[in-house]
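Going by this note's numbering, the first sequence opens with residue 54, and the numbers climb by one from there. For glycine and all other residues, C-beta sits at the position ideal for the given N, C-alpha and C.
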Amino acid sequence: MPELPEVETLRRGLAERLVGRTIAAVEVRLPKLFVQGDPTTLVGKQVAAIRRVAKFLVWEFADDWSLVLHLNLTGQIILQLPDGTRFAGGHPIPAFTVPLPHKTTRLLLTLDDGSWLALDDVRTFARAWLLPRPAAEAFLAAQRRGPDALLDPLDPATLSQQLRRHKRAPIKAVLLDQAFLAGVGNIYADEALFGAGIHPARPAGDLSETEVVRLLAEVRAVVQLAVQEGVARVRNGRAVPGAQLPRVHARRGEPCPRCRQPIVKTVVAQRGTYFCPVCQPLEAASPNSTTAIR
DNA sequence: AACTACTCCTGGAGGC
DNA sequence: TGCCTCCAGGAGTAGT
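Here it is as structure tokens:
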């Protein structure tokens, strides 16, 4: 499922290949993909820039319109270049090498150089908004959204204060809340909690200041690593063998990379959740480790 | 206000 | 081989 690193990786690859290109043809295969705007008016628009805002991919056109795209759970983009090579990203199903259009292809764009782009989405949750630039910016600004997990300063004092409002909610649920931190999803929440040695079901309000600092550092580190080294690879709920990330997510029963105890799967905040029961104890950290947040 | 549960949705995996 | 059931979860919303 595309989270911040997947969207950022897509953004970089698409920007490199699409800026300056003009859309020559559009085929919409799932009309409800477009919440706002008439996709047929994409024809003739020239790509000026591709930005990322949290998990939104924002295409800016030379005529001051914007295409805002959210891949949600299972969106993926495959760009096929004139020489037949592909650049792809997002959810890994169907395989990026699948013949296109696939039955899950929801949008097809043809570019003026003969390359074409498919938006595939198995579960049809992806959404698009085609809007004049000011309306698009207003739409993005209106999203309840915390600091960007990759780009914005993650101030422990500010975020600790917010955690106080979530006294009893499991820390993982708060990490998944985009209003707290933008860009973290199920995989990287598990990874950051593992890195920080914090049990995903710990009440958010019980975390010590030290733990909050450590957790924020891990969020940033995990997201940065995923962007730099290639995204966490999970297929059909299983981690792809040999991948550096994820270390615990989708690795039930596999040895913890730190202590070799088997990784456990449970459900927290209605999400499949993986953690090491030894490295991430449910009890608050040792007594000598600072005061709990009230 | 904080928190939980439900709702969209369908391909793929696993059981028999 | 072919049914059938279950599972995956981002984010909005309704209910407690």
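Applying the 10 Å Cβ sphere with the 16-neighbour rule, what's the burial state of residue i?
| i | result |
| --- | --- |
| THR62 | buried |
| ASP117 | exposed |
| ALA194 | exposed |
| GLN277 | exposed |
| LEU335 | exposed |
| THR158 | buried |
| GLN333 | buried |
| THR326 | buried |
| LYS85 | exposed |
| PRO206 | exposed |
| GLU56 | buried |
| VAL88 | exposed |
| ARG347 | Any reading at ARG347 is ruled out, since the residue's pLDDT is 27, under 50, leaving its predicted position unreliable. |
| VAL272 | buried |
| ALA249 | buried |
| ALA148 | exposed |
Identify which residue in the options has its Cα closest to the Cα of residue i.
| i | options | result |
| --- | --- | --- |
| LEU124 | ARG324, LEU160 and ARG255 | LEU160 |
| LEU162 | THR326, GLU264, ALA274 and THR93 | THR93 |
| CYS312 | ASP259, VAL275, PHE247 and VAL272 | PHE247 |
| ALA245 | ALA274, CYS332 and SER261 | ALA274 |
| LEU120 | VAL272, ALA101, LEU134 and LEU268 | ALA101 |
| THR367 | LEU269, ILE251 and TYR327 | Residue 367 lies beyond the residue range present for the chain, which begins at 54 and ends at 347; the question has no answer from this structure. |
| ARG180 | PRO145, GLN129, PRO315 and LEU134 | GLN129 |
| GLY97 | ARG82, VAL81, GLU262 and GLY73 | GLY73 |
| GLY167 | ASP136, GLY143, ARG186 and ALA188 | ASP136 |
| ILE146 | GLU113, ASP173 and GLN297 | ASP173 |
| LYS156 | GLY142, ALA191 and THR177 | THR177 |
Indicate whether residue i and residue j have their beta-carbon atoms separated by less than 8 Å.
| i | j | result |
| --- | --- | --- |
| ARG70 | ARG105 | no |
| ARG305 | PRO256 | no |
| ALA235 | PRO200 | yes |
| GLN99 | ALA115 | yes |
| ILE131 | ALA171 | yes |
| LEU126 | MET54 | yes |
| ALA322 | GLN231 | no |
| ILE103 | LEU164 | no |
| GLY258 | ARG217 | yes |
| VAL317 | PRO330 | yes |
| GLN215 | PHE233 | yes |
What residues match up with residue i in a beta bridge as DSSP calls it?
| i | result |
| --- | --- |
| LEU207 | Answer by DSSP bridge pairing: none, since LEU207 is not bridged. |
| GLU80 | LEU161 |
| ILE103 | TRP112 |
| ALA322 | Partner(s): none; ALA322 has no beta bridge. |
My guess is that residue i and residue j are in contact by the Cβ rule of under 8 Å, so how many angstroms apart are they, rounded?
| i | j | result |
| --- | --- | --- |
| ALA279 | PRO58 | 4 Å |
| ALA350 | VAL227 | Any question about residue 350 goes unanswered here, given that the chain covers just 54 to 347. |
| LEU183 | GLY90 | 3 Å |
| PRO310 | ARG300 | 5 Å |
| PRO209 | GLU282 | Not confirmed; about 26 Å, so no contact. |
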